[in-house]
Amino acid sequence: MIRDTNRWEWKAMLLEHAKILFAVRASGEIAGRKKFQKMIYIAKKLNFPFQEKFDFHFFGPYSEELSLRIEELVNMGFLVERAEKIGGYVQYRYSITGSGEEFLKMFPLEEDFPFLKPCFLDMNEKSGRFLELVSTVLYFESLPKFAVTEKIHSLKSKQGYTEEEIDQAYEYIARLKELYKADDDSREKIRM
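Residues in the sequence shown are numbered consecutively from 707, following our numbering.
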């Protein structure tokens, strides 16, 4: 019994790694750690079954679990993390390796989630700054819009988000939910 439980736990852990790899493959390449975090958070809010826990940090929702999982995938040779200097800071780019592609063959995620790929392609076209705003709106989505707007102006005053940008974030969220929201059947299927 203990042996079967350990096998199940390993399979569950590997599935969580596969979901992250699939997100990168679906995106082609993700430029920026912040953007990577926001894309996974937004997908989770669209009911895609990412299990990472997120807390609110300076740049919006952040998951230490996701950071560790990404680091593990890089260490296993399934993801490439390339650092490049842009202006005065370093940006990291993520792409899947051949070994990562082989690993993904064990998990039929594309069959179970046909909307995951177009959703990630869609988000990947947006800037990290915009996705930070979108993820912040989603983090506080239980509040009325005026309260979310106040929080954004208070917590993210340095980013200088305008009312128009906040409206665009709400419109983008509505569009994502209409086009890509995972249904309950798909979520259950992928957890198995």
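Ideal Cβ placement from N, Cα and C applies to all residues, glycine included. Note that the structure is predicted; figures quoted are calculated from it, not measured.
Element boundaries [alpha helix (DSSP H), containing P820]: Segment: none, P820 is in no alpha helix (DSSP H) and carries neither H nor E.
K791, enclosing beta strand (DSSP E) - first and last residue: 785–792
Cβ contact (3+ pairs, closer than 8 angstroms) linking the stretch 837–844 and the stretch 769–785: no
Backbone secondary structure at Y795 - three-state DSSP: Of the three classes helix, strand and coil, the one that applies to Y795 here is strand, per DSSP.
Pairwise C-alpha distance: H859 and R893: Summary for R893: the model assigns pLDDT 43, below 50, so the residue's position carries little reliability; its value from the coordinates is reported in the next sentence. R893 and H859: Cα-Cα distance of roughly 35 angstroms.
Whether R688 touches E735 by CB criterion (8 angstroms): Because the chain here runs from 707 to 898, residue 688 falls outside it and cannot be looked at.
N-terminal and C-terminal residue of the beta strand (DSSP E) that Y845 is part of: No beta strand (DSSP E) contains Y845, which is instead part of the alpha helix (DSSP H) from 834–845.
Where the beta strand (DSSP E) through Y768 begins and ends: 766–768
Identity of the residue in E856, R739, F728, K751 nearest G804 by Cα: F728
Assigned exposure category for F764 - 16 Cβ within 10 Å defines buried: exposed
CB contact check: E771 to chain B, cutoff 8 angstroms: This model lacks chain B altogether; it includes just one protein chain.
Sequence-distant residues of the same chain with beta carbon closer than 8 angstroms to L752, five excluded per side: C825, L882, K883, Y886, K887, A888
At least three beta-carbon pairs within less than 8 angstroms, the stretch 781–792 to the stretch 842–861: no
Distance between beta carbons of M745 and M829, contact taken as under 8 angstroms: 5 angstroms
Under the three-state DSSP convention, the category Y800 falls into: Looking at Y800 - three-state DSSP - the assignment turns out to be strand.
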